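Notes follow once the structure below has been shown.
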């Protein structure tokens with residue numbers, strides 16, 4: 297619960313900050329749309345570049361002190377924004393925020409949980425992503441309130457103070473204070489156990505399919521979350537109406553829990569297929585029928601909520617606990633670099649064309665992103681059947697040997 301709240305604060309102070317504060321920043325400073333959102337791109341790029349390093353540190357050390365201090369670093373970055381009266385200081389603030397993103401967002405947290413709890417980490421990942429799915433619901437109205445009452449600079453300082461006070465104790469008492477508590481390793485059933493052999497884990501096909509899926513999914517998430525308000529206001533909604541509709545992204549991700557409650561247990565790869573098609577349907581509705589934009593937002597939120605969980609559980613299911621932190625660090629780099637380019641190129645497309653063209657591109661990417669998970673499902677299914685055949689053959693051979701001995 298508390299780790300989920302920490303993620304709400306950290307995501308709100310990075311990816312979702314400009315959705316509310318970007319426009320007043322441009323109005324006061326006179327800096328261009330491309331520069332403001334380009335600074336966010338730089339932050340995401342930096343977080344992607346340091347992610348493999350963070351993954352290595354988590355994998356080879358017992359305690360992730362990098363994660364522990366993520367809130368303080370992000371607070372320093374946001375406070376720097378508050379005092380940025382020239383473009384270089386503003387960019388420096390986003391560089392610091394980018395370092396904090398690599399230190400404390402999903403990839404670093406999931407790697408820490410996977411190393412500490414093994415397969416048991418899945419339940420924590422699900423809970424954390426469900427709670428952090430309420431980021432827009434909680435952060436956007438809060439930032440809007442602070443902006444209206446105090447202006448964007450004081451809003452940044454207040455948000456930075458909250459990060460500095462809250463994040464370190466949350467991470468300490470949940471991940472460090474309980475370090476010596478033992479965790480039981482779960483008994484995996486046929487639906488949840490890892491289907492792969494040691495040789496198969498190093499299959500480049502599996503890794504690159506995961507990488508493509510994660511990369512496109514990250515672009516879709518970033519494009520929608522950063523420009524959703526622009527997309528909705530372009531469809532004749534007021535800013536307040538757009539914020540209200542956009543806030544439905546959070547509650548819609550609670551549907552992931554309902555899905556797990558009412559449907560039979562599924563392997564992560566089957567969930568990945570459902571998530572890919574939910575995202576595609578949501579974007580299509582949002583694009584083709586703006587009058588029911590809330591339905592499209594809810595469908596996208598449902599799919600993206602599942603995708604957020606899968607970022608942690610799918611690599612853990614395939615690769616296991618031992619190499620999980622290293623793999624998730626490597627898998628984070630290119631998706632985050634792609635995310636870094638999304639605000640900049642998304643802004644150019646909207647500036648020189650319109651939001652409808654931008655949505656055309658997002659819908660095309662969502663359609664394309666259904667292919668990697670379908671192919672991955674076929675590979676994993678074939679491998680699982682092969683492994684079952686080998687195990688059956690070995691069991692039968694052992695039984696025949698026992699009979700011959702008798």
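Residue numbers (the working numbering): 297 to 702.
Note that beta-carbon positions come from the ideal geometry of N, C-alpha and C, so glycine has one too.
Computed from a predicted structure; not experimentally measured.
*For residue 536, name the three-state secondary structure that DSSP assigns.*
Residue 536 falls in the helix class under three-state DSSP.
*Go through its chain and collect everything with a Cβ distance to residue 609's Cβ below 7 Å, but skip five positions before and after it.*
Around residue 609, the same chain offers 418, 421, 564 as residues with beta carbons nearer than 7 Å, after the five sequence neighbours per side are excluded.
*Among 351, 441, 638, 521, which residue has its Cα nearest to the Cα of residue 455?*
Of the candidates 351, 441, 638, 521, the residue whose Cα lies closest to the Cα of residue 455 is 441.
*May I ask you to report which of helix, strand or coil DSSP gives residue 571?*
Residue 571: helix per DSSP, three-state reduction.
_Can you list, in chain order, the residues of its chain with a C-beta nearer than 6 Å to that of residue 623? Leave out the 5 residues immediately preceding and following it._
Result list for residue 623: 611, 615, in chain order.
*What's the call for residue 483, buried or exposed, on a 16-neighbour Cβ count within 10 Å?*
Only weak support exists for where residue 483 lies, its pLDDT of 41 falling under 50; the value from the coordinates is given anyway. It is exposed - the Cβ of residue 483 has fewer than 16 other Cβ atoms within 10 Å.
_Coil, strand or helix - residue 399 by DSSP_ = Helix, per DSSP.
*Tell me, to the nearest whole angstrom, how far the beta carbon of residue 366 is from that of residue 396; I am working on the premise that it is less than 8 Å.*
The pair is a contact, with the Cβ atoms about 5 Å apart (cut-off 8 Å).
*Tell whether a beta-carbon distance below 7 Å holds between residue 545 and residue 432.*
Closer than 7 Å, so yes.
*Runs of alpha helix (DSSP H) lying entirely within the stretch 580 to 614, each at least 4 residues, in chain order*: None, since the stretch 580 to 614 contains no complete alpha helix (DSSP H) of that length.
*Work out the CA separation of residue 301 and residue 467 for me, nearest whole Å.*
Approximately 11 Å, taken between the alpha carbons.
*What's the gap between the Cα of residue 430 and the Cα of residue 438?*
Computed Cα separation, rounded: 12 Å.
*Going by the beta-carbon positions, is the gap between residue 528 and residue 400 smaller than 7 Å?*
The answer is no: Cβ separation not under 7 Å.
*How is residue 509 classed by DSSP in three states: helix, strand or coil?*
Residue 509 falls in the helix class under three-state DSSP.
*For residue 669, which option in 509, 394, 416 has the closest C-alpha, if you only look at C-alpha atoms?*
Selected option, being the one with the closest Cα: 509.
*Just how far apart, CA to CA, sit residue 665 and residue 647?*
Distance between the alpha carbons of residue 665 and residue 647: 26 Å.
*Roughly how far, in whole angstroms, is the beta-carbon of residue 548 from the beta-carbon of residue 598, given that I think they are within contact range, below 8 Å?*
Confirmed, Cβ separation roughly 5 Å.
*asked:* If contact is defined by three or more beta carbon pairs under 8 Å, each pair taking one atom from either stretch, is the stretch 624 to 631 in contact with the stretch 578 to 592?
replied: Between the stretch 578 to 592 and the stretch 624 to 631 there are fewer than three inter-stretch CB-CB distances shorter than 8 Å, so the stretches are not counted as touching.
*What do you reckon, are the CB atoms on residue 317 and residue 448 nearer than 7 Å?*
It is a contact, given that the beta carbons lie within the stated cut-off.
*Check whether the Cβ atoms of residue 567 and residue 602 lie closer than 7 Å to each other.*
Cβ atoms of residue 567 and residue 602: closer than 7 Å.
*Compare the C-alpha of residue 675 against each of 505, 536, 424, 344 and name the closest.*
For residue 675, the nearest C-alpha among the options comes from 505.
*asked:* Taking its Cβ as the centre, do 16 or more other Cβ atoms sit within 10 Å of residue 649, making it buried, or is it exposed?
replied: Burial call: exposed.
*Proximity to residue 372 [Cα-Cα], best of 298, 677, 463, 443*: For the residues 298, 677, 463, 443, the minimum Cα distance to residue 372 belongs to 463.
_Alpha carbons only, please: which of 398, 331, 445, 329 is nearest the one belonging to residue 303?_
Per the Cα distances, 398.
*What did DSSP end up calling residue 447 once you bin it into helix, strand or coil?*
Three-state DSSP puts residue 447 in coil, outside helix and strand.
*Quick one: grab the DSSP three-state call for residue 322.*
Helix, per DSSP.
*Considering only C-alpha positions, which residue in the set 600, 593, 369, 392 is nearest to residue 572?*
The shortest C-alpha separation from residue 572 is found at 600.
*With residue 363 and residue 408 assumed to form a contact (beta carbons below 8 Å), what rounded beta-carbon distance in angstroms separates them?*
Cβ-Cβ separation between residue 363 and residue 408: approximately 6 Å, consistent with a contact (criterion under 8 Å).
*asked:* On the CB-based measure, 16 or more other CB atoms within 10 Å of its CB, does residue 369 come out buried or exposed?
replied: By the neighbour-count rule (16 or more Cβ atoms within 10 Å), residue 369 is buried.
*List the endpoints of the continuous alpha helix (DSSP H) containing residue 647.*
Per DSSP, the unbroken alpha helix (DSSP H) holding residue 647 starts and ends at 620 to 648.
_Nearest neighbour of residue 592, chosen from 524, 535, 411, 299 [CA to CA]_ = The residue from 524, 535, 411, 299 with its alpha-carbon nearest to that of residue 592 is 524.
*What is the rounded straight-line gap between the Cα of residue 391 and the Cα of residue 346?*
C-alpha separation (whole angstroms): 12 Å.
_Once DSSP output is grouped into helix, strand and coil, what is the label at residue 416?_
It is helical.
*What do you reckon, are the CB atoms on residue 337 and residue 636 nearer than 7 Å?*
Yes; because the gap between Cβ atoms is below 7 Å, this pair is in contact.
*Return the residue from the list 375, 299, 671 that minimises the CA-CA distance to residue 507.*
Nearest C-alpha to residue 507: 671.
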